[in-house]
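K.L.:
Protein chains in written order, with the UniProt record's numbering: chain E, 1 to 444; chain A, 1 to 255.
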Amino acid sequence: MTVTSRFRTTWTSTAAALVGAALLIMMAAAPQQVRAELTIQVTKGVGSAIPVAVVPFAKSGDLPAGDDVSTIIRNDLEMTGEFNPLDPERMLSLPSSSDDVFFRDWRLLGQRYLLVGRVEREGDQVRARYELFDINSERRLLGETANTSVDNIRTLAHHISDKVYEALTGEPGVFSTRLAYVTLDAHEGKPRYRLQISDVDGRRARVRLESDEPILSPTWSPDGRRLAYVSFESGKPQIFTHELATGERSVVASYPGLNSAPDWSPDGRSLLVTLSRSGNAEIYKLDLASRALTRLTDHWAIDTEGEWHPNGKGLAFTSDRSGGPQIYIKDTEDAAPRRVTFGSRYNARPRFSPDGRYIYYVHQRDGAFHIARTELASGDEQVLTRSRLDESPSVAPNGRMLIYATEQDGNSVLRVISTNGDAAYTLPAARGDVGDPAWSPILR
Amino acid sequence: MRKLLVAAVALAVSAGALAQSSTPAFQNNQSEARLLAANNQGNAELFFMIERLQEEVRNLRGELEEQRHQLNQLTRQSRERYIDLDQRIMELAERESTPRAGSGGSGSGTGERSQSTGNATTVAKEYREPSAEERQAYQRIQKLIQEQKAYDEAIGELYDFIAEYPEGDLTVNAYYWLGEVYLVKPQLEQAKQAFTIIATRYQDHRKAPDAMYKLGVVHDRMGERDQAQRYMKQVVDQYGTSQAAGLAKKYLEAS
């Protein structure tokens with residue numbers, strides 16, 4: 001068995017486990033000191049991006065060096081691909097409040113929107129005042145003040161990015177959301193798996209769990225306070241829930257055979273899980289309070305990778321009941337499954353868009369694996385990625401972006417694209433490989 | 001030959017004996033062992049048979065699902081085609097019923113007709129300069145698209161605009177925006193239509209290189225890479241100096 005990708009989809013591991021092959025994960029990286037952070041590389045921009053000027057914020061008081069609020073906002077807006085922030089060096093003036101703004105300067109520079117502001121230190125707090133203008137109509141769109149503690153400047157900046165994004169697009173921003181993912185590197189000659197959580201720009205990563213054995217398929221609870229995942233730490237696959245604030249963990253599924261592919265229900269009360277306790281991979285609903293199981297699929301083919309519809313009533317899953325893996329949807333728990341992917345012989349790992357309009361999945365075509373989506377109403381399929389070994393799609397909670405794992409220069413990396421297929425940025429791990437990304441819900 | 005025949009008969013007989021012995025009047029150890037062996041062999045055969053059947057059922061199921069899907073698609077397409085045809089016939093009928101005097105309504109109508117009947121070798125086409133009113137209507141639609149993002153409304157307005165002000169300079173722009181809006185929606189088929197109109201009917205218009213590039217983009221989105229590449233090459237060949245050609249080159253290099 002050649003392992004081309006170190007984080008294979010649940011589909012392949014399910015199939016492999018069922019034919020009795022051991023979960024063999026190969027090692028590539030030499031033992032080296034691990035930096036937890038991912039670094040960002042914007043690889044592709046769009047021509048139709050909206051020009052927006054984010055003026056460097058005026059500063060007063062003793063502020064921590066390194067994290068500059070307006071630079072973070074500029075990077076946030078740029079990585080969506082929907083905005084084209086103006087280079088501060090080209091700015092004709094650097095206003096910090098509405099009194100100093102001359103709109104014709106910004107019109108001359110071809111800008112559509114303008115963000116100005118100032119940051120002040122007050123004791124342990126940092127306060128930011130900011131204003132957003134429409135340059136054509138010379139109207140103020142936003143004017144707010146936000147506070148945070150000194151060590152949380154990035155949180156403050158992402159918060160402002162969210163507000164600006166929402167004011168300009170009408171959709172909530174996702175800059176304050178988080179990513180969960182698993183990194184793999186060598187540690188004293190042994191593989192080291194680390195479940196980490198970072199900001200969407202890859203910064204402020206923190207390791208939540210480390211193990212010599214594989215950690216797979218993290219999924220967020222709808223309130224963003226807990227994760228569920230598969231860990232092999234006991235030598236066999238078990239599903240855990242993990243309270244992020246306290247670090248408290250509990251095993252919720254440890255049945256004979258497979259315990260895999262958890263997906264948290266929109267009401268937070270249950271998980272969809274794949275178990276092979278009956279001798280064959282089937283999807284079950286696991287009630288978290290009572291631990292009661294309800295079997296949702298019943299077929300001698302492999303059924304796995306269940307994902308709740310955002311309405312919490314139906315589900316999508318992968319099944320090879322028609323020969324190769326294809327995606328099926330049950331509109332309710334009791335409904336008969338209907339197949340929704342027809343474009344090729346291999347379609348797996350379904351993920352709904354937050355509005356339930358699209359289903360995203362891994363799609364094989366001409367020997368390469370891409371991320372594709374199908375509009376459920378029309379059945380129209382669209383291939384979104386060009387790279388060859390794409391897997392594990394996870395959709396941002398506003399439906400505008402999508403993260404997936406792929407290969408770059410022989411290493412697994414995470415890549416973010418806008419769901420219209422335009423912009424892209426890459427989040428490679430500083431060392432080794434990274435995979436199995438899960439985009440958090442919007443955190444309140 | 002005869003030997004073979006004999007062997008076959010002997011086999012048949014012994015098989016018959018085995019079948020009989022499955023309901024024996026009495027048993028000794030030997031016959032029990034034979035029975036067990038026969039059962040094991042039977043089980044293994046059954047197991048393989050079931051596996052083969054399962055495999056076959058899966059494949060048949062796949063074919064059935066795919067054919068049902070194709071049937072649904074065909075039904076949908078033929079319904080859409082019918083509606084489209086019906087609309088065109090209705091439009092034709094309407095045009096027939098309104099008297100020719102209608103050409104007084106827009107000055108451009110006659111100009112366009114004389115051009116098409118004149119049928120001289122077409123040198124770079126002159127596009128009708130838009131009127132102030134036309135310009136305003138166009139700007140209103142642009143606002144709908146870019147600021148309000150009211151795409152559905154904009155689509156309706158664009159069609160009205162094209163009907164109201166045909167064959168003008170801005171008409172081609174309107175087709176282009178129609179394509180762009182459909183691309184955002186995304187309704188790729190419709191986007192393809194709109195861009196194709198420009199790329200074929202208005203090849204000398206300044207929007208033509210962009211339209212052809214976008215046609216490539218549409219095909220790319222549809223997963224039709226070969227087609228996409230063909231259009232991209234065409235942009236480079238036909239409009240080498242345009243900005244679109246630069247984008248097309250980038251696409252060709254990346255793919």
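Glycine included, C-beta positions come from ideal geometry on N, C-alpha and C.
#1: With distance defined between alpha-carbon atoms, name the residue in E:Gly-202, E:Ser-231, E:Pro-51 nearest to E:Ser-211.
#2: Unbroken beta strand (DSSP E) runs of length 3 or more, entirely within the stretch 190-240 of chain E: which are they?
#3: Go ahead and label E:Tyr-284 buried or exposed: buried means 16 or more other beta carbons lie within 10 angstroms of its beta carbon, across all protein chains shown.
#4: Using beta carbons (cut-off 8 Å, strictly below), is A:Asn-59 in contact with chain E?
#5: How should A:Glu-157 be labelled, buried or exposed, when 16 other C-beta atoms within 10 angstroms of its C-beta is the threshold for buried?
#6: In whole angstroms, what is the alpha-carbon distance linking E:Thr-374 and E:Thr-426?
#7: What is the rounded straight-line gap between the Cα of E:Asp-162 and the Cα of A:Lys-143?
#8: Per the contact definition of three or more C-beta pairs closer than 8 Å, is the stretch 86-101 of chain E in contact with the stretch 150-157 of chain E?
#9: What residues from the stretch 375-387 of chain E come within 9 Å of chain A, judged by C-beta to C-beta, listed N to C?
#10: Tell me which same chain residues have a C-beta within less than 6 Å of the C-beta of A:Tyr-251, skipping the five on either side of it?
#11: Spatial neighbours of A:Gly-223 within its chain, please: C-beta separation below 6 Å, excluding the five flanking residues on both sides.
#12: To the nearest angstrom, report how far apart A:Arg-140 and A:Ala-132 are at their CA atoms.
#13: Using a Cβ cut-off of 8 Å, pull out every chain E residue sitting near A:Leu-74, in sequence order please.
#14: With distances taken between CB atoms, is the gap from E:Ser-353 to E:Trp-308 smaller than 8 Å?
#15: In three-state terms, what does DSSP make of E:Trp-300?
#16: Can you name the start and end residues of the alpha helix (DSSP H) that A:Tyr-231 belongs to?
#17: Output yes or no for whether 8 Å exceeds the beta carbon distance between A:Leu-183 and A:Val-235.
#18: Mapping the DSSP letters down to three states, classify E:Arg-104 as helix, strand or coil.
#19: For E:Ala-180 and chain A, any beta-carbon pair shorter than 8 Å?
#20: Have a look at A:Glu-45 and E:Met-401 and give me their C-alpha separation to the nearest angstrom.
#21: Between the Cα of A:Glu-66 and the Cα atoms of E:Ile-442, E:Gly-324, E:Asp-87, which residue gives the shortest distance?
#22: Assign E:Thr-385 to one of three DSSP states: helix, strand, or coil.
#23: Say whether the stretch 262-277 of chain E touches the stretch 288-299 of chain E, bearing in mind that this needs 3 or more beta-carbon pairs closer than 8 Å, one atom from each stretch.
#24: Tell me E:Thr-145's beta-bridge partners as DSSP assigns them.
#25: Pairs of beta-carbons, one from the stretch 198-209 of chain A and one from the stretch 165-173 of chain A, closer than 8 Å: are there three or more?
#26: To the nearest angstrom, report how far apart E:Phe-292 and E:Val-252 are at their CA atoms.
#27: What residues from the stretch 312-329 of chain E come within 9 Å of chain A, judged by C-beta to C-beta, listed N to C?
#28: For A:Gln-54 and chain E, any beta-carbon pair shorter than 8 Å?
#29: Residues in the same chain with beta-carbon distance under 6 Å from E:Ile-50, minus the five sequence neighbours each way, listed in chain order, please.
#30: Can you name the residues of chain A whose CB is closer than 7 Å to the CB of E:Phe-342?
#31: In the DSSP output, what is E:Pro-85 paired with across the bridge?
#32: Relative to the C-alpha of E:Glu-140, which residue among E:Ala-301, E:Glu-131, E:Asn-147, E:Trp-106 is closest?
#33: Using a Cβ-Cβ cutoff of less than 8 Å, which residues in the same chain neighbour E:Glu-282 once the five nearest sequence positions on both sides are dropped?
#34: By alpha-carbon positions, which one of E:Ala-261, E:Pro-214, E:Glu-213, E:Leu-195 ends up nearest to E:Arg-206?
#35: State yes or no: is the beta carbon of E:Trp-300 nearer than 8 Å to at least one beta carbon in chain C?
#36: Of all the residues that make up the stretch 178-190 of chain A, which are near chain E by a beta-carbon distance shorter than 9 Å?
P.N.:
Let me lay it out:
#1: Numbered from its first residue, the first sequence carries residue 211 of chain E at position 211. When each option's Cα is compared against that of E:Ser-211, the closest is E:Ser-231.
#2: 190-199, 206-211, 215-220, 226-231
#3: In the first sequence, residue 284 of chain E corresponds to position 284, counting from 1. By the 10 Å Cβ count, E:Tyr-284 comes out buried.
#4: As a position in the second sequence, residue 59 of chain A is number 59, starting the count at 1. Chain E, which has a Cβ nearer than 8 Å to the Cβ of A:Asn-59, makes this yes.
#5: As a working note, residue 157 of chain A is residue 157 in the second sequence. A:Glu-157 is buried by the Cβ-count criterion.
#6: Indexing the first sequence from 1 puts residue 374 of chain E at position 374. Indexing the first sequence from 1 puts residue 426 of chain E at position 426. Those two C-alpha atoms are separated by around 24 Å.
#7: Here residue 162 of chain E refers to the residue found at position 162 of the first sequence. Here residue 143 of chain A refers to the residue found at position 143 of the second sequence. Their backbone Cα atoms lie some 24 Å apart in a straight line.
#8: no
#9: Glu-375, Ser-378, Gly-379, Asp-380, Glu-381, Gln-382, Val-383, Leu-384, Arg-386
#10: What you label residue 251 of chain A is simply residue 251 of the second sequence in a count that begins at 1. Excluding positions up to five away in sequence, the list reads Met-232.
#11: Your numbering for residue 223 of chain A matches position 223 in the second sequence. Same-chain partners within the cutoff: there are none.
#12: Walking along the second sequence from the start, residue 140 of chain A turns up at place 140. Walking along the second sequence from the start, residue 132 of chain A turns up at place 132. Distance between the alpha carbons of A:Arg-140 and A:Ala-132 is about 12 Å.
#13: Here residue 74 of chain A refers to the residue found at position 74 when the second sequence is read from its first residue. Ordered by position in chain E, no residue passes the 8 Å Cβ test against A:Leu-74, which lies about 12 Å from the chain.
#14: The residue given as residue 353 of chain E occupies position 353 in the first sequence. The residue given as residue 308 of chain E occupies position 308 in the first sequence. For E:Ser-353 and E:Trp-308, no; Cβs fall outside 8 Å.
#15: On the first sequence, residue 300 of chain E is found 300 positions in, with the first residue counted as 1. It is coil, neither helix nor strand.
#16: Against the second sequence, residue 231 of chain A aligns to sequence position 231. Taken as a continuous stretch (DSSP letters only), the alpha helix (DSSP H) holding A:Tyr-231 covers 225-238.
#17: Within the second sequence, residue 183 of chain A is the residue found at index 183, counting from 1. Within the second sequence, residue 235 of chain A is the residue found at index 235, counting from 1. Contact: no.
#18: As a working note, residue 104 of chain E is residue 104 in the first sequence. If DSSP states are grouped into helix, strand and coil, E:Arg-104 belongs with the helices.
#19: Stepping through the first sequence from its first residue, residue 180 of chain E is reached at position 180. Not an interface residue.
#20: Indexing the second sequence from 1 puts residue 45 of chain A at position 45. Indexing the first sequence from 1 puts residue 401 of chain E at position 401. One C-alpha to the other measures close to 52 Å.
#21: Here the question's residue 66 of chain A lines up with position 66 in the second sequence. Taking only the C-alpha atoms, the option nearest A:Glu-66 is E:Gly-324.
#22: For this step, residue 385 of chain E is matched to residue 385 along the first sequence. Here E:Thr-385 sits in coil by DSSP.
#23: yes
#24: The residue you call residue 145 of chain E lines up with position 145 of the first sequence. Paired residues: E:Arg-129.
#25: yes
#26: Position 292 of the first sequence, counted from the start, is the residue given in the question as residue 292 of chain E. Position 252 of the first sequence, counted from the start, is the residue given in the question as residue 252 of chain E. The question names Phe, yet the displayed sequence has Ala at residue 292 of chain E. When rounded, the distance between both Cα atoms is 10 Å.
#27: Asp-320, Arg-321, Ser-322, Gly-323, Gly-324, Gln-326
#28: As a first step, residue 54 of chain A must be located in the second sequence, where it is residue number 54. So, interface residue.
#29: Translated into the one-based positions of the first sequence, residue 50 of chain E becomes position 50. These residues qualify, in order along the chain: Phe-83, Arg-112.
#30: In the first sequence, residue 342 of chain E corresponds to position 342, counting from 1. In chain order: Glu-66, His-69.
#31: Against the first sequence, residue 85 of chain E aligns to sequence position 85. E:Val-52, per the DSSP bridge assignment.
#32: Counted from its first residue, the first sequence places residue 140 of chain E at position 140. Reading off the sequence, residue 140 of chain E comes out as Arg, not Glu. The option with the nearest alpha carbon to E:Arg-140 is E:Glu-131.
#33: As a first step, residue 282 of chain E is located in the first sequence; it is residue number 282 there, counting from the start. Within the same chain, E:Glu-282 has close Cβ partners Thr-274, Leu-275, Ser-276, Arg-295, Leu-296, Thr-297, Asp-298, His-299, Asp-303.
#34: Taking the first residue of the first sequence as position 1, residue 206 of chain E is located at position 206. Taking only the C-alpha atoms, the option nearest E:Arg-206 is E:Leu-195.
#35: Any reference to chain C falls outside this structure, whose protein chains are E and A.
#36: Glu-180, Leu-183, Val-184, Pro-186, Gln-187, Leu-188, Glu-189
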